[in-house]
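Trainee: Submitted below is the structure of interest, expressed as structure tokens.
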Amino acid sequence: MTDQFATATKSIEDAIATAKQNLEGLVKAQQEQIEKASAQVLKGYDELSALTKQNVDAVVKSGTIVAKGAEEAGKQVAAFTQASMEKSVSNAKALLAVKTIQELVELQNAYAKASFEALVSESTRLQELTVKVANEALAPLSARVSASVQTLAKKPVAA
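Structure follows, in structure tokens:
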């Protein structure tokens with residue numbers, strides 16, 4: 001019976017050793033999977049951080065373009081306003097020097113026509129500047145949207 005007891009004890013010890021090895025292997029495999037998943041998450045986080053930084057840089061660049069465009073438009077409007085005021089003063093002086101009503105009407109008509117043409121011309125220039133600035137400001141944003149879509153399309157979404 002001692003042999004049977006010794007054999008049973010040996011079998012139990014072997015089973016415990018095998019279970020311990022299996023458990024250690026399972027724990028080691030889980031640790032490796034966790035380390036691998038953590039590395040992937042950190043890599044994904046780093047890539048997302050870089051992507052976000054590039055997107056912010058594009059927004060800043062776009063904002064700078066808009067600010068410079070607004071400054072240029074402001075200068076353009078100020079110059080137009082000053083020129084218009086100078087023409088108004090000049091026209092007022094000329095109106096004071098007229099000798100006939102016909103001369104007054106002709107001078108006023110010429111001034112009104114010139115003012116309207118200048119306004120249309122300036123509006124066209126301002127519109128062209130606005131379109132140019134808008135296109136230039138959207139270019140970095142458009143490029144970042146494309147890059148972001150491409151980058152995010154390659155990445156599997158973690159569940």
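Take the sequence shown: its position 130, counting from 1, is numbered 130 in the UniProt record's numbering, and each next residue is one higher. Note that the Cβ used here is the ideal one computed from N, Cα and C, for glycine as well. Predicted model only: the values in this text are computed from it and were never measured.
Grouping DSSP H, G and I as helix and E and B as strand, with all else coil, what is Val98?
Mentor: Position 98 of the sequence shown holds residue 98. Three-state result, Val98: coil.
Trainee: As a quick exercise: from Thr151, Ser121, Gln150, Ser142, pick the residue whose alpha carbon is nearest that of Ala58.
Mentor: Working through the sequence shown from its first residue, we reach residue 58 at position 58. It is Ser142 whose Cα lies nearest to the Cα of Ala58.
Trainee: I'd like to know whether the C-beta atoms of Leu129 and Gly63 end up nearer to each other than 8 angstroms.
Mentor: Position 129 of the sequence shown, counting from 1, holds the residue named residue 129. Position 63 of the sequence shown, counting from 1, holds the residue named residue 63. No, Cβ-Cβ distance for Leu129 and Gly63 is not below 8 angstroms.
Trainee: Looking only at C-alpha atoms, which of Lys132, Glu24, Ser148 sits nearest to Val66?
Mentor: Locating residue 66 in the sequence shown gives position 66, counting from the first residue. Of the listed residues, the one whose Cα sits closest to Val66 is Lys132.
Trainee: Measure the alpha-carbon distance for Lys20 versus Ala6 and round it to whole angstroms.
Mentor: The count along the sequence shown starts at 1 and reaches residue 20 at position 20. The count along the sequence shown starts at 1 and reaches residue 6 at position 6. Near 21 angstroms, if we compare the C-alpha coordinates of Ala6 and Lys20.
Trainee: Take the Cβ of Arg144 as the centre, count every other Cβ of all protein chains shown within 10 Å, and call the residue buried at 16 or more, exposed below.
Mentor: Translated into positions along the sequence shown, residue 144 becomes position 144. Buried: at least 16 other Cβ atoms inside 10 Å.
Trainee: Please confirm whether Thr151 and Leu51 have their CB atoms less than 8 angstroms apart.
Mentor: Taking the first residue of the sequence shown as position 1, residue 151 is located at position 151. Taking the first residue of the sequence shown as position 1, residue 51 is located at position 51. Taking 8 angstroms as the Cβ cut-off, Thr151 and Leu51 qualify as a contacting pair.
Trainee: Within 10 angstroms of the Cβ of Ala137, are there 16 or more other Cβ atoms? Answer buried if so, exposed if not.
Mentor: One-based indexing of the sequence shown puts residue 137 at position 137. When all chains shown are included, Ala137 counts as buried.
Trainee: Check this for me: beta carbons of Leu95 and Leu107, under 8 angstroms apart or not?
Mentor: Position 95 of the sequence shown holds residue 95. Position 107 of the sequence shown holds residue 107. Taking 8 angstroms as the Cβ cut-off, Leu95 and Leu107 qualify as a contacting pair.
Trainee: Would you tell me roughly how many angstroms separate the C-alpha atoms of Leu104 and Phe80, rounded to the nearest one?
Mentor: To locate residue 104, count along the sequence shown from 1; it is residue 104. To locate residue 80, count along the sequence shown from 1; it is residue 80. Roughly 25 angstroms separates the two Cα atoms.
Trainee: Since Lys61 and Pro140 are thought to touch, with beta carbons under 8 angstroms apart, how far apart are those beta carbons, to the nearest angstrom?
Mentor: Position 61 of the sequence shown holds residue 61. Position 140 of the sequence shown holds residue 140. Going by Cβ atoms, the distance from Lys61 to Pro140 rounds to 5 angstroms, so yes, they are a contact pair.
Trainee: Assign Ser146 to one of two classes, buried (16 or more other C-beta atoms within 10 Å of its C-beta) or exposed (fewer than that).
Mentor: If you number the sequence shown from 1, residue 146 lands on position 146. Classification for Ser146: exposed.
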